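Residue numbers (the numbering used here): 104 to 733. The next block holds one structure in the form of structure tokens; read it before the comments.
As structure tokens, then:
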């Protein structure tokens, strides 16, 4: 009788080999950062070849559409010394696809069992679309974005193709990231990480430097996964941040727990550099966030203001909104397929709004300051002339063409308005939900359902516009389709209607409105009256078409050197605005290039400023929205 033992053994062996194959990396990557203080990284990557990849032209892609930038902006221009060899060190010929600089073609011989790709990456020279996903170095601090130092074969799916990464850092430096250390690795590298998919690796920036501290952000009584704050700086004292800052970020985590109710990640590692050696920066990721702000910002809680204050909560919210729940057109399986960005008013607009809620509720911001910022935002939306021809939806679809901003006539072109104008839309939606349900429901009800994660996952959960509308209707029955169409799709939109739902009204006054800490609208910002704004030296910054300033022929970059026969001064301009109602005109001497002109602005309205006024006949829904959740 024949024994079946060998067959069983063979079956077991095949199963074991399959398991090993599943755990084995498809590529190894060594990042040498010892020259990062000199603004260089060295990448060495090995890719084993199967039979179909030998004796052929093998396409390799450098990441082009990197999540978070919403653009085909992978910084391929910073590659230097690109070389490919086989397992015996023989140089292999390579070329690029004509018209596609991100696609490298390696000509592999039949004898090749693997290819080794080595190149230098030059840091600190980003474009407007690669700033957040680039790599940066300085004497004692740095940031590595793995997308800058790797390639992947065409056809590889980003959630399945595995990479084992090692990192070597300068002497006395430390590194932090959201990758798990491989404790059993036999290597001389500073850090060895367990294999992860190329999607997760690209989604995991590495912050490193000489001075570093780590803080836990988990408050007692909150059932949240581990949250760690990793602080780096070029100065030892700056890595020791103020306890009030740690407390505020901890409250942010607590308020997020109440806002979302579930987590798509098993842990969160917030990377935060306080430095003057690197520029301000930030980018979202699923298990981590990258944040760079100036020195001394974390010395006191009051030092955190403006963009620096907004950054950490915004990138943190993106773990839910943008990374886990992602627009269907942006959920591609590689880094070269173009992404559809038409839903950025959700991806970024909702994130902007929810991040600001966390700021106020956690004590990073306060209601008075937020109300002041809201006035400026409503005013900015109203004065953006591009809204007359370009709907908000188009700023989403054309996102990467708008990131760099416009030095001249920017109001006519529009910018990435889906951030702040998108936030106004979601604030109005929140107010509608509250008013329609007599305060029984809010945007948190939408968040609990829309961002529900049964368990941590690296897989994005795509959504469509119809999904957003359906979830809103699950919260409260309302014509959300028309609401979105009027604000997102239509030219002009309705960014100012939300004030009514919030319990406020927009009015105009002849006195500049004031905000906290004596902040006020600068009298040189006369867009509500003359239709122009000026710099302190009299240079014209903005002109609104159809305004008195436009009809007088003024344009950006002209400079006012004289007013009513006198030399330019801020005070003289402010005084003249006061008397314009009586005179009916303003006489200016302007210079444009080498020409000096006498210019008359016909205007008799006097100073005029938009302001936000509380409607005492209605509840203060804005104040209710900003209350921390117990």
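We treat Cβ as the ideally placed atom computed from N, Cα and C, and that holds for glycine. None of the values given here were measured: they were computed from a predicted structure.
- Task: Take residue 613 and list the residues in its own chain whose beta-carbon comes closer than 7 Å to its own, dropping the five residues that flank it on each side.
- Result: Against the chain shown, residue 613 aligns to sequence position 510. In the same chain as residue 613, and ignoring 5 residues on each side of it, the C-beta atoms closer than 7 Å to its own belong to 709, 710 and 711, in chain order.
- Own chain, CB closer than 6 Å to residue 464, minus 5 neighbours either side, in chain order: Numbered from 1 along the chain shown, position 361 holds the residue referred to as residue 464. Result list for residue 464: 358 and 731, in chain order.
- Message: Please report the distance separating the alpha-carbon of residue 495 from that of residue 530.
- Response: Sequence index remark: in the chain shown, residue 495 carries index 392 (1-based). Sequence index remark: in the chain shown, residue 530 carries index 427 (1-based). Rounded to the nearest angstrom, the gap between the Cα atoms of residue 495 and residue 530 is 16 Å.
- Can you tell me the Cα-Cα spacing of residue 308 and residue 351, whole angstroms? Mapped onto the chain shown, residue 308 falls at position 205. Mapped onto the chain shown, residue 351 falls at position 248. If I take the Cα positions, the gap works out to 24 Å.
- Would you call the segment 124 to 143 and the segment 269 to 285 touching, i.e. three or more CB-CB distances under 8 Å? Contact holds: three or more Cβ-Cβ distances are below 8 Å.
- Query: Does the distance from the C-beta atom of residue 142 to that of residue 226 stay below 8 Å?
  - Reply: Here residue 142 refers to the residue found at position 39 when the chain shown is read from its first residue. Here residue 226 refers to the residue found at position 123 when the chain shown is read from its first residue. Going by C-beta atoms, residue 142 is nearer than 8 Å to residue 226.
- Task: Can you tell me which of 718, 728 and 656 puts its alpha carbon nearest to the alpha carbon of residue 700?
- Result: Counted from its first residue, the chain shown places residue 700 at position 597. For the options 718, 728 and 656, the alpha carbon positioned closest to that of residue 700 is the one of 656.
- If you pair each beta-carbon of the segment 451 to 463 with each one of the segment 309 to 319, do three or more pairs fall below 8 Å? No, the segment 451 to 463 is not in contact with the segment 309 to 319.
- Query: When the Cα atoms are used, what is the spatial distance from residue 563 to residue 295?
  - Reply: For the purposes of this step, residue 563 is identified with residue 460 of the chain shown, where counting begins at 1. For the purposes of this step, residue 295 is identified with residue 192 of the chain shown, where counting begins at 1. Going from the Cα of residue 563 to the Cα of residue 295 covers about 26 Å.
- Message: Given a cut-off of 8 Å on the beta-carbon distance, is the pair residue 567 and residue 431 in contact?
- Response: Counting from 1 along the chain shown, the entry for residue 567 is found at position 464. Counting from 1 along the chain shown, the entry for residue 431 is found at position 328. In terms of Cβ geometry, residue 567 and residue 431 form a close pair [threshold 8 Å].
- Message: Judging by CA-CA distance, which residue of 169, 166, 198 and 158 is the nearest neighbour of residue 214?
- Response: Taking the chain shown and counting its residues from 1, one reaches residue 214 at position 111. The residue with the shortest Cα to Cα distance from residue 214 is 158.
- Message: Let me check understanding here. Comparing Cα to Cα, which of 220, 193, 152 and 196 lies closest to residue 146?
- Response: As a first step, residue 146 is located in the chain shown; it is residue number 43 there, counting from the start. Checking every option, the nearest Cα to that of residue 146 belongs to 220.
- Per the contact definition of three or more C-beta pairs closer than 8 Å, is the segment 251 to 268 in contact with the segment 385 to 405? Flag = no, the segment 385 to 405 and the segment 251 to 268 do not touch.
- Sequence-distant residues of its chain with Cβ nearer than 8 Å to residue 208 (five each side left out): By one-based count along the chain shown, residue 208 stands at place 105. Correct list, in chain order: 160, 161, 162, 163, 197, 198, 199 and 200.
- Query: For residue 241, which of 550, 380 and 545 has the nearest alpha-carbon?
  - Reply: As a position in the chain shown, residue 241 is number 138, starting the count at 1. Of the candidates 550, 380 and 545, the one whose C-alpha sits nearest the C-alpha of residue 241 is 380.
- Task: With DSSP collapsed to three states, give me the class of residue 76.
- Result: As displayed, the chain neither begins before 104 nor continues past 733, which places residue 76 out of reach and without an answer.
- Task: Starting from the Cα of residue 527, find the closest Cα among 603, 443 and 323 and give me that residue.
- Result: Position 424 of the chain shown, counting from 1, holds the residue named residue 527. Of all alpha-carbon atoms in 603, 443 and 323, the one lying nearest the alpha-carbon of residue 527 is that of 603.
- Indicate whether the contact test is met: 3 or more Cβ pairs, each with one atom in the segment 683 to 694 and one in the segment 650 to 668, closer than 8 Å. Three or more pairs of CB atoms, one per stretch, sit closer than 8 Å, so the segment 683 to 694 contacts the segment 650 to 668.
- Query: Can you tell me whether DSSP reads residue 280 as helix, strand or coil?
  - Reply: In the chain shown, the residue the question calls residue 280 occupies position 177. Looking at residue 280 - three-state DSSP - the assignment turns out to be coil, as it is neither helix nor strand.
- Message: I'd like to confirm the pairing. Which residues does DSSP put opposite residue 387 in its beta bridges?
- Response: For the purposes of this step, residue 387 is taken as residue 284 along the chain shown, with counting starting at 1. Under DSSP, residue 387 shares a beta bridge with 392.
- Task: Note the first and the last residue of the continuous alpha helix (DSSP H) segment covering residue 358.
- Result: Numbered from its first residue, the chain shown carries residue 358 at position 255. 346 to 363 is the extent of the alpha helix (DSSP H) around residue 358.
- Message: Quick test of the definition: if touching needs 3 or more C-beta pairs under 8 Å, does the segment 322 to 329 touch the segment 278 to 287?
- Response: With a cut-off of 8 Å, the segment 278 to 287 and the segment 322 to 329 do not count as touching, because too few Cβ pairs lie within range.
- Terminal residues of the continuous alpha helix (DSSP H) containing residue 449? Counting from one through the chain shown, the residue named residue 449 turns up at place 346. Annotation for residue 449: the continuous alpha helix (DSSP H) segment containing it runs 447 to 450.
- Would you be able to state if there are at least three C-beta pairs under 8 Å between the segment 327 to 336 and the segment 367 to 377? Output reads yes: the segment 327 to 336 touches the segment 367 to 377.
- Item | DSSP state of residue 432 mapped onto helix, strand, coil | In the chain shown, the residue the question calls residue 432 occupies position 329. The answer is helix: DSSP assigns residue 432 an H, G or I state.
- Query: Under 8 Å, do residue 168 and residue 440 count as touching if we go by C-beta distance?
  - Reply: Stepping through the chain shown from its first residue, residue 168 is reached at position 65. Stepping through the chain shown from its first residue, residue 440 is reached at position 337. If you check the CB distance, residue 168 and residue 440 come in under 8 Å.
- Task: Kindly list the residues whose CB is nearer than 7 Å to the CB of residue 468, restricted to its own chain and excluding five residues on each side of it in sequence; keep chain order.
- Result: Sequence index remark: in the chain shown, residue 468 carries index 365 (1-based). Excluding sequence positions up to five before and after residue 468, its CB lies within less than 7 Å of the CB of 412 and 462, all in the same chain and listed in chain order.
- Message: For residue 641 and residue 672, I'd like the C-alpha separation in whole angstroms.
- Response: Looking up residue 641 in the chain shown gives position 538. Looking up residue 672 in the chain shown gives position 569. Whole-angstrom Cα-Cα distance: 8 Å.
- Could I get the ranges of all uninterrupted beta strand (DSSP E) runs contained in the segment 205 to 254, with 3 residues as the minimum, in chain order? DSSP runs (the beta strand (DSSP E)) wholly in the segment 205 to 254: 217 to 225 and 244 to 247.
- Mind checking who residue 424 pairs with in its DSSP beta bridge? Translated into positions along the chain shown, residue 424 becomes position 321. Assignment of beta-bridge partners to residue 424 by DSSP yields 428.
- Express the C-alpha separation of residue 212 and residue 506 in angstroms, rounding to a whole number. Within the chain shown, numbered from 1, the residue matching residue 506 stands at position 403. Within the chain shown, numbered from 1, the residue matching residue 212 stands at position 109. Each residue's CA atom was taken as its position, placing residue 506 and residue 212 some 43 Å apart.
- Going by the CB atoms, is the gap between residue 389 and residue 261 shorter than 8 Å? For the purposes of this step, residue 261 is taken as the residue at position 158 of the chain shown. For the purposes of this step, residue 389 is taken as the residue at position 286 of the chain shown. It is not a contact, given that the beta carbons lie outside the stated cut-off.
- Query: Of the residues 545, 598 and 593, which one's Cα is nearest the Cα of residue 577?
  - Reply: Locating residue 577 in the chain shown gives position 474, where the first residue counts as 1. Among 545, 598 and 593, the Cα nearest to that of residue 577 is on 545.
- Cβ neighbours of residue 729 in the same chain (closer than 8 Å, five flanking residues each side left out): Stepping through the chain shown from its first residue, residue 729 is reached at position 626. The answer, listed in chain order, is 460, 463, 464, 470 and 473.
- Any idea if residue 421 is buried or exposed, counting beta-carbon neighbours within 10 angstroms, 16 or more meaning buried? The residue you call residue 421 lines up with position 318 of the chain shown. In summary, residue 421 is buried, with 16 or more beta-carbon neighbours lying within 10 Å of its beta-carbon over all protein chains present.
- What do you get for residue 181, buried or exposed, if any count of 16 or more other CB atoms within 10 angstroms of its CB means buried? Taking the chain shown and counting its residues from 1, one reaches residue 181 at position 78. Burial state of residue 181 is buried, judged by a 10 Å Cβ sphere holding 16 or more other Cβ atoms.
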